[in-house]
Amino acid sequence: MTETPLLQYTLRLADTALVLGHRLSEWVGHSPVIEEDLAFGNMGLDLIGQARSLYSYAGEIEGKGRDEDALAYLRDAPDYRNILLVEQPNGDFAATMVRQLLYAAFAHPYFEALARSKDAMLAAIAAKAVKEMAYHLRHSAEWIIRLGDGTEESHRRAQDALDELWPYSAEMFETDRIERALIEAGVAIDPASLRATWDKTLDHVLNEATLERPRDGYMQSGGRVGRHSEHLGHILAELQFVPRAYPGASW
Amino acid sequence: MATTTADPALRERAWAVAASVCDPEIPVLSIADLGVLRDIRIENGVVEAIITPTYSGCPAMNMIALEIEVALENAGFAKPKVTTVLSPAWTTDWMTEAGKAKLREYGIAPPVAKAGRRALFGEDQVACPHCGSTETARISEFGSTACKALWRCKACAEPFDYFKCI
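From first to last, the protein sequence lines are chains A and B.
Residue numbers for the first sequence follow the working numbering, so the first one is 146 and each next one is one higher.
Residue numbers for the second sequence follow the working numbering, so the first one is 131 and each next one is one higher.
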């Protein structure tokens, strides 16, 4: 890999948005009620829109003529830099909403901070994304409260999902050498600085939802350097099939 | 609006042409009503329309860009350009009062008051576009397009779209 830190960083943001957007799109046509079908479609669209802007910018940074499509469709799993949380299977409705809450409670303050980045393009993309993530956060938080404080079964399913996905939450707050230089330069955001905000949001929602916050134990990591769970390959197989089978196809 | 170098009358005419393009998903609103059309620049006789997306993933943007080009060409502006900018990020605060009135008449509740942090956990009070009652409730945060939420009126029992604040 000869990617510059800025390129790596931008791809991490882009891949995370794309993979989560793709996961949400999988619900379209399968949601429990039509309103949630629309909600998943809309949230997926927000994320894929963010990914498109980020990929276009990554292509510019790289300067090798790769556009958003080339970056999304023609890279293999080890080149993907998304966090592991977003590639986890949708599971049931509760699991998808827990995953959305864990991510949105992080992404909202993250993009709010990134909107002040010294990199003008990242700041512009973040300033749009923060508005969208506010609605994702409100929507997923309301559902987690409804499910957790709902029936015995909805409570159990929400708690199971929370326990299952918790080990993937720490990766959001990690930094490495690549990001530290960018953080010092005022380009990237130090995610550790958002931990208290995230904790507060989670505690508030989980308390309302009568759900128990899992204890921090062994935490999963590696997505941002290309070490993925088996799930990403399956996502990419579906996501990339058409452009790979019919290169340059258009309609 | 930002700076331009060309004859103001020419720019005004180009603006009026571009501003006649409507949002394909909400055809009662022009892109000027929406605040999507940000500027018209004219350099060496070439018209450039500057637009900004409402939402990152708004699928109407390609269509809008194409329609601006066609409208400008038809009005005699040769080889017009359309450029999309992200910053400053679009906000419902840019929607004109005329645009809000048109939305209401069309059956969509316009965004209430200022955008900003209220989107987070604040509750909007939205008036029903059919009967005007404020006895309304949100059904879903997300509606038929990215920019709308789904509401219902408890007074007249009609469901309606609400153009949400961002």
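The beta-carbon is built from N, C-alpha and C at its ideal position, and this holds for glycine as well.
Put Tyr292 (chain B) into one of helix, strand or coil per three-state DSSP. The answer is strand: DSSP assigns Tyr292 (chain B) an E or B state.
Could you tell me how far apart the beta carbons of Ala149 (chain B) and Ala162 (chain B) are, in whole angstroms, since I believe they sit closer than 8 angstroms? The Cβ separation is near 4 angstroms, so the contact holds.
Looking at the unbroken alpha helix (DSSP H) that takes in Asp169 (chain B), where does it start and where does it end? Where Asp169 (chain B) is concerned, there is no enclosing alpha helix (DSSP H), although the beta strand (DSSP E) around it starts and stops at 167-173.
Range covered by the alpha helix (DSSP H) that runs through Leu381 (chain A): Residues 376-390.
For the alpha helix (DSSP H) that Glu207 (chain A) lies in, which residues bound it at each end? Element bounds for Glu207 (chain A): 179-207.
Can you tell me which of the three DSSP states Thr155 (chain A) falls into? Residue state, collapsed to three classes: helix.
Measure the CB-CB distance between Pro183 (chain B) and Thr221 (chain B) and report whether it falls below 8 angstroms. Contact: no.
Endpoints, the beta strand (DSSP E) within which Ala276 (chain B) is located: It is not in any beta strand (DSSP E) - Ala276 (chain B) carries neither H nor E in the DSSP assignment.
Pick out whichever of A:Pro223, A:Ala252, A:Met278 has its Cα sitting closest to the Cα of Ala184 (chain A). Answer by Cα proximity: A:Met278.
Member of A:Leu156, A:Asp264, A:Gln304, A:Asp348 whose CA lies at the smallest distance from the CA of Arg211 (chain A): Minimum Cα distance to Arg211 (chain A) is reached at A:Leu156.
DSSP beta-bridge partners of Lys211 (chain B): In the DSSP output, where bridge partners are listed per residue, Lys211 (chain B) has B:Glu178.
Ends of the alpha helix (DSSP H) at Gly206 (chain B)? In the DSSP annotation of this structure, Gly206 (chain B) is not part of any alpha helix (DSSP H), being labelled neither H nor E.
Nearest-angstrom Cα distance between Leu356 (chain A) and Leu310 (chain A)? The straight-line gap from Cα to Cα measures roughly 14 angstroms.
Contact set between Gln195 (chain A) and chain B, taken where Cβ atoms lie within less than 8 angstroms: Within chain B, the residues near Gln195 (chain A) are Ser186, Gly187.
Cβ of His284 (chain A) within 8 angstroms of any chain B Cβ: True, the Cβ-Cβ gap to chain B drops below 8 angstroms.
Environment of Ile270 (chain A) [buried if 16+ CB atoms lie within 10 Å]: By the neighbour-count criterion, in which a residue is buried when 16 or more other Cβ atoms sit within 10 angstroms of its Cβ, Ile270 (chain A) is buried.
Counting contacts by CB-CB distance shorter than 8 angstroms, is Glu271 (chain B) in contact with chain A? For Glu271 (chain B), the closest Cβ of chain A is nearer than 8 angstroms.
C-beta neighbour in chain B for Ser395 (chain A), strict 8 angstroms: Judged by the 8 angstroms Cβ criterion, Ser395 (chain A) is not in contact with chain B.
Does Ala228 (chain B) come within less than 8 angstroms of chain A when only Cβ atoms are used? Not an interface residue.
Less than 8 angstroms between the C-beta atoms of Trp224 (chain B) and Val256 (chain B), yes or no? Contact flag unset, no.
So what's Thr266 (chain B) in DSSP terms, helix, strand or just coil? Strand, per DSSP.
Where does Ala274 (chain A) fall in DSSP's three states? Three-state result, Ala274 (chain A): helix.
Using a Cβ-Cβ cutoff of less than 7 angstroms, which residues in the same chain neighbour Met146 (chain A) once the five nearest sequence positions on both sides are dropped? Bear in mind that a pLDDT of 48 at Met146 (chain A), under 50, signals an unreliable position, so the number given afterwards is only what the model happens to contain. So no residue of the chain qualifies.
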